[in-house]
Amino acid sequence: MAKTSHSKGLFAEFKARSYLRSKGCRILEKRFKTPVGEIDLVVLDGKALVFVEVKLRKTKEAAAEAIDKKNQMRVRNAAELYLQQHPEYNDCEMRFDALILAPGAWPEHIPDAF
3 MAKTSHSKGL FAEFKARSYL RSKGCRILEK RFKTPVGEID LVVLDGKALV FVEVKLRKTK
63 EAAAEAIDKK NQMRVRNAAE LYLQQHPEYN DCEMRFDALI LAPGAWPEHI PDAF
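For the sequence shown, this note's numbering begins at 3 and goes up steadily by one.
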C-alpha cells in the first residue's frame with residue numbers, strides 16, 4: 003500500500019519529536035493549528051521557546067528548499083497566535099528552527115533557520 007503525503011508527514015513529525023527529545027527538548031505542542039497557519043512542533047530547548055518546521059522530501063536539499071518565505075511567514079504568524087494563547091512563554095527567548103528529513107539520512111536540525 004502506498005503511503006499518503008499525510009501519513010508521511012505524520013511519520014516525519016514523529017521522527018522529529020523523537021530526535022528533539024533525544025537532544026533534551028521538551029515537546030509542548032504538535033501540529034498546532036491556527037487560522038493563519040500550522041506549527042509542526044513547539045518545543046522548549048532549555049529556556050528557549052522553539053517553533054520547529056519539519057520537512058521530509060526525497061533529498062535534504064529539496065526539504066530545505068520547501069521552507070520558502072511564504073511558509074516561514076505562516077509559521078511566524080501562527081507563533082504570534084501561540085504566544086497570545088500561552089502568555090507564560092512571553093519572556094522566553096524565541097527561535098524558529100527547521101528539522102530536515104530525507105530517506106536514509108540522519109535528521110538535520112537547523113537552529114534559527116528563519
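In this text, a Cβ means the ideal position worked out from N, Cα and C, and glycines have one as well. No experiment lies behind these values; they were computed from the predicted model shown.
Check, Outcome
"Taking all protein chains shown into account, decide if Asp99 is buried (16 or more other Cβ within 10 angstroms of its Cβ) or exposed.", "buried"
"Have a look at Met3 and Ala50 and give me their C-alpha separation to the nearest angstrom.", "Because the pLDDT of Met3 is 45, which lies under 50, any placement of that residue in the model is unreliable, and the number read from its coordinates should be weighed accordingly. Cα to Cα, the separation comes out at about 40 Å."
"Less than 8 Å between the CB atoms is what I'm expecting for Lys60 and Pro105, so what's the real figure, rounded?", "7 Å"
"May I ask you to report which of helix, strand or coil DSSP gives Phe116?", "coil"
"The alpha helix (DSSP H) spanning Val77 covers which residue range?", "Lys71 to Gln87"
"How big is the Cα-Cα spacing for Ser24 and Lys72?", "30 Å"
"Please state whether DSSP places Arg19 in a helix, a strand or coil.", "helix"
"Enumerate in chain order the residues of its own chain whose CB-to-CB distance from Ile29 is below 6 Å, with the five nearest sequence positions on each side excluded.", "Arg19 and Val45"
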